[in-house]
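J.: Here the numbering used here is used: position 73 in the sequence shown is 145, and no number is missing along the way.
My structure is below; once you've seen it, I'll send some questions.
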Amino acid sequence: MSATEAVRAAPARRSLRPFLFTLTITAIMALLFGVPWWTLVVAGAHWPTPVIATGTIVFVVALVAFPVLMYLGHGGRRQDWAARTGDTLLGVAWVLFVWSLLGNLLRIGLAVGGVGDPVRSRITAAAVAVVAVGLLLWGYVEAMRVPRVRRVDVRVGRLGAGLDGVRVVLLTDTHYGPIDRAGWSARVVAAVNELDPDIVCHTGDIADGTVAQRRDQAAPLGEVRARLARTYVTGNHEYFGEAQGWLDHMRQLGWEPLHNRHVVVERNGARLVVAGVDDATAGASGRPGHHADHAAALTGADPDLPVLLLAHQPKQIGAAVAHGIDLQISGHTHGGQIWPFNFLVRLDQPTVHGLTRHGDRTQLYTSRGTGFWGPPLRIFAPSEITVLTLRAG
73 MSATEAVRAA PARRSLRPFL FTLTITAIMA LLFGVPWWTL VVAGAHWPTP VIATGTIVFV
133 VALVAFPVLM YLGHGGRRQD WAARTGDTLL GVAWVLFVWS LLGNLLRIGL AVGGVGDPVR
193 SRITAAAVAV VAVGLLLWGY VEAMRVPRVR RVDVRVGRLG AGLDGVRVVL LTDTHYGPID
253 RAGWSARVVA AVNELDPDIV CHTGDIADGT VAQRRDQAAP LGEVRARLAR TYVTGNHEYF
313 GEAQGWLDHM RQLGWEPLHN RHVVVERNGA RLVVAGVDDA TAGASGRPGH HADHAAALTG
373 ADPDLPVLLL AHQPKQIGAA VAHGIDLQIS GHTHGGQIWP FNFLVRLDQP TVHGLTRHGD
433 RTQLYTSRGT GFWGPPLRIF APSEITVLTL RAG
C-alpha cells in the first residue's frame with residue numbers, strides 16, 4: 073500500500089467509528105428494552121389487546137426517553153432531574169432484561185414439562201414481574217441505607233509492634249450526585265466516628281459533579297475523626313468533573329489529599345507510610361500534573377517502612393507490586409452493584425471485592441464501595457464501610 077492510499081484509508085476507518093458506535097448502542101438498547109417487552113407483553117401469553125397496546129406504549133416511551141434523559145443528565149447540561157430519571161430507568165431496564173433472560177429458561181423448562189401456551193408464557197411473565205419488582209424494591213433500600221460495617225484483619229509482615237491493631241477505616245465511591253444524600257452522608261460519618269478509627273481513607277469517586285454542585289453532600293466529611301490521618305485520592309469520576317477542585321476541597325475539609333505523595337504516621341515508635349496515587353485514567357484526562365506516579369508518591373519514604381497505598385482501581389495493583397507496596401486499598405468495582413454485572417467488572421479488574429494477595433509481599437483489599445453510581449440500586453452487592461485492622465507480622 074502506498075503512503076497516499078494509507079492516508080486515504082485512515083480517515084475512512086475513522087469515519088466509520090461514529091456509525092459503528094451508533095449501531096452498537098442501538099443494538100444494546102434494542103436488547104435491553106426489547107427482551108423484557110417480548111417476555112412480558114408479547115411471547116405466547118395472548119394477553120387482551122388493551123394490555124398488549126399499553127405494555128408496548130410503555131416500553132416504546134421508555135426506549136425513546138432513555139437516551140434523551142441520559143444526554144440531559146450526563147451530557148453538557150448536567151440536569152439532575154434528568155440524571156435521576158435516566159439512571160433509575162437504566163437500573164429498571166437492566167433488572168428486567170436479566171430476569172427476562174432467566175425467565176425464558178423457566179419457559180423452556182415448562183415446555184419440557186408439557187405446559188402449553190398461553191399458560192406457559194403467562195407463568196413466565198408473572199414470575200419475571202414478581203421477581204423484578206421485589207429485587208428493585210430491595211435493591212433501592214440496600215442502596216439508600218447506611219452501609220454495613222465489614223471488618224477484616226490484615227497481617228502486614230513489616231508492620232512494627234507499636235502499630236499492631238491500628239484501625240484503618242475505608243470509604244470509597246460515595247458518588248454524591250443527582251440524588252441529594254446529605255443526610256445519608258452525615259449518617260455515614262457518624263458511623264465512621266463510632267468506629268474510633270486511627271486512619272480514615274477515601275479512595276476516590278467522591279462525587280459526580282463539581283464541588284459547587286455537591287458541596288452540601290460532601291460537607292459531613294469535615295466531621296470525620298481519626299487519630300493519625302485522614303487521606304484521600306482521586307477516582308476516575310473526579311476526572312469527569314474537576315479533580316483538582318476536589319483535591320483542594322478535601323484539603324479545606326481537613327483531609328490529606330495524596331496526589332502522588334505520602335505521609336508518615338507513627339504510634340509507639342512504629343511508623344507506617346500512607347501513600348496515594350492518582351486514578352489510572354488521570355493521565356489521559358489532559359489535566360496537567362495528573363497521572364498515577366508511584367515513584368513520586370514514594371519519593372523520600374524510608375524503604376524499610378511498610379507502605380499502605382491508596383489507589384482507586386484494583387488494576388493498579390501491578391505497579392504496587394513493582395514498587396514493593398505492602399497493602400493497596402481500592403474501590404471502583406462496587407462489587408458489581410447490580411447482579412450479574414460483577415462478571416463484566418471482572419473482565420476489567422483483577423478482583424471485584426475482598427482481600428487478595430499479589431506477589432510475595434503485596435496484598436490488595438477491594439471494597440464494594442460506600443455509595444452507588446447511577447441507578448439507586450444494590451442487588452447482591454451490598455455497600456460497606458470497611459474496618460481494616462492491621463496486624464504486625
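We put the beta carbon where it would ideally sit given N, CA and C, even for glycine.
In three-state terms, what does DSSP make of Q388?
T.: Reduced to three states, the DSSP call for Q388 is helix.
J.: Pop quiz: G313 and T282 are said to be a contact at Cβ under 8 Å. What is the actual Cβ separation, rounded to whole angstroms?
T.: The Cβ separation is near 5 Å, so the contact holds.
J.: Here's the rule: buried if 16 or more other CB atoms are within 10 angstroms of the residue's CB, otherwise exposed. What is F131?
T.: Its Cβ being crowded by 16 or more others within 10 Å, F131 is buried.
J.: Considering Cα atoms alone, identify which of L135, I100 and L174 is closest to G158.
T.: Among L135, I100 and L174, the Cα nearest to that of G158 is on L135.
J.: Exposed or buried, which one is L177 when buried takes at least 16 other CB atoms within 10 Å?
T.: The residue is exposed, with fewer than 16 neighbouring Cβ atoms inside 10 Å.
J.: Identify the continuous alpha helix (DSSP H) that holds G181 and give its terminal residues.
T.: Run containing G181: D152 to V184, per the alpha helix (DSSP H) assignment.
J.: Would you check if the segment 378 to 392 and the segment 340 to 353 touch, i.e. whether three or more CB-CB distances between them fall below 8 Å?
T.: With the cut-off at 8 Å, the segment 340 to 353 and the segment 378 to 392 touch.
J.: Closest to A368 by CA distance: which of A342, V335, G341 and T244 is it?
T.: Of the listed residues, the one whose Cα sits closest to A368 is V335.
J.: Counting only runs that start and end within the segment 241 to 310, where is the alpha helix (DSSP H) found for 4 or more residues in a row?
T.: Whole alpha helix (DSSP H) segments, 4+ residues: 254 to 266 and 283 to 290.
J.: Using the C-alpha atoms, what's the distance from I124 back to G361?
T.: Between G361 and I124, the C-alpha separation is close to 57 Å.
J.: Pick out the complete beta strand (DSSP E) segments inside the segment 384 to 445, 3 residues or longer, and give them in chain order.
T.: Whole beta strand (DSSP E) segments, 3+ residues: 399 to 402, 426 to 430 and 434 to 438.
J.: Note down, in chain order, each residue of its chain lying with its Cβ closer than 8 Å to the Cβ of L104, except the 5 sequence neighbours on either side.
T.: Hits under 8 Å: A165, W166 and F169.
J.: Based on the DSSP output, what are the partners of D225 in its beta bridges?
T.: Beta-bridge pairing links D225 to T461.
J.: Within the same chain, show all residues whose beta-carbon is closer than 7 Å to that of R190, passing over the 5 residues directly before and after it, in chain order.
T.: The displayed chain sequence assigns Pro, not Arg, to residue 190. Same-chain partners within the cutoff: G116, A117 and H118.
J.: Give a yes or no on whether the minimum CB-CB distance between G229 and chain C is below 7 Å.
T.: The question asks about chain C, but that chain is absent: this structure has only one protein chain.
J.: Just list the residues that DSSP pairs H331 with in beta bridges.
T.: Per DSSP, none; premise fails for H331.
J.: Let me make sure I understand the geometry here. Which of V213, L300, G211 and I278 has the alpha-carbon closest to that of R239?
T.: Of V213, L300, G211 and I278, the residue nearest in Cα terms is L300.
J.: Which whole-angstrom value is the C-beta distance of L267 and V241, which I expect to be below 8 Å?
T.: Indeed they touch by this definition, with Cβ atoms about 6 Å apart.
J.: Taking the alpha helix (DSSP H) that A368 belongs to, which residues open and close that run?
T.: Start and end: H366 to L370.
J.: Would you kindly report the start and end of the unbroken beta strand (DSSP E) that includes L231?
T.: From DSSP, L231 is part of no beta strand (DSSP E); its letter is neither H nor E.
J.: Taking DSSP as the reference, what is the three-state secondary structure of I451?
T.: I451: strand per DSSP, three-state reduction.
J.: May I have the straight-line CA-CA distance separating A82 from L88, to the nearest angstrom?
T.: Only weak support is given to the placement of A82: the predicted model assigns it a pLDDT of 49, under 50, and the value that follows is read from those uncertain coordinates. The straight-line gap from Cα to Cα measures roughly 10 Å.
J.: At the level of alpha carbons, what is the spacing between A78 and A356?
T.: Any reading at A78 must be qualified, since the residue scores a pLDDT of 45, below 50, and its modelled position is unreliable; the value itself is stated next. So the two alpha carbons sit approximately 27 Å from each other.
J.: Which residues in the same chain as N308 place their Cβ atom closer than 6 Å to its Cβ, once the five residues preceding and following it in sequence are excluded?
T.: Hits under 6 Å: D351 and T353.
J.: Pair every Cβ in the segment 432 to 443 with every Cβ in the segment 183 to 197, then say whether three or more of these pairs are closer than 8 Å.
T.: Too few Cβ pairs lie closer than 8 Å, so no.
J.: Using three-state DSSP, classify V218 as helix, strand or coil.
T.: Coil at V218, not helix or strand.
J.: Among G175, V264 and V218, which residue has its Cα nearest to the Cα of A199?
T.: Answer by Cα proximity: G175.
J.: Our contact map puts L208 next to L449 with C-beta atoms below 8 Å; I'd like the distance itself, whole angstroms only.
T.: Correct: roughly 7 Å between the Cβ atoms.
J.: Give the DSSP-derived three-state secondary structure of R343 in the structure shown.
T.: Note: R343 maps to strand in three-state DSSP.
J.: Answer yes if the segment 287 to 298 comes into contact with the segment 241 to 255, meaning at least three C-beta pairs across the two stretches below 8 Å, and no otherwise.
T.: Touching, per the Cβ criterion.
J.: So, is N340 buried or exposed, given that buried needs 16 or more other C-beta atoms within 10 angstroms?
T.: By the 10 Å Cβ count, N340 comes out exposed.
J.: Can you find the residues in the same chain that come closer than 7 Å, C-beta to C-beta, to F93, ignoring five residues on each side of it along the sequence?
T.: Cβ within range, chain order: n/a, list empty.
J.: Is the beta carbon of I397 closer than 7 Å to that of L434?
T.: According to the sequence provided, residue 434 is Thr. The question's Leu does not apply to it. Yes, the Cβ-Cβ distance between T434 and I397 is below 7 Å.
J.: Quick one: is T303 buried, meaning 16 or more other Cβ sit within 10 Å of its Cβ, or exposed?
T.: The residue is buried, with at least 16 neighbouring Cβ atoms inside 10 Å.
J.: Whole angstroms are fine: how far does the CA of W318 sit from the CA of G255?
T.: Between G255 and W318, the C-alpha separation is close to 20 Å.
J.: May I have the straight-line CA-CA distance separating T96 from A155, to the nearest angstrom?
T.: In a straight line, the C-alpha of T96 is about 22 Å away from that of A155.
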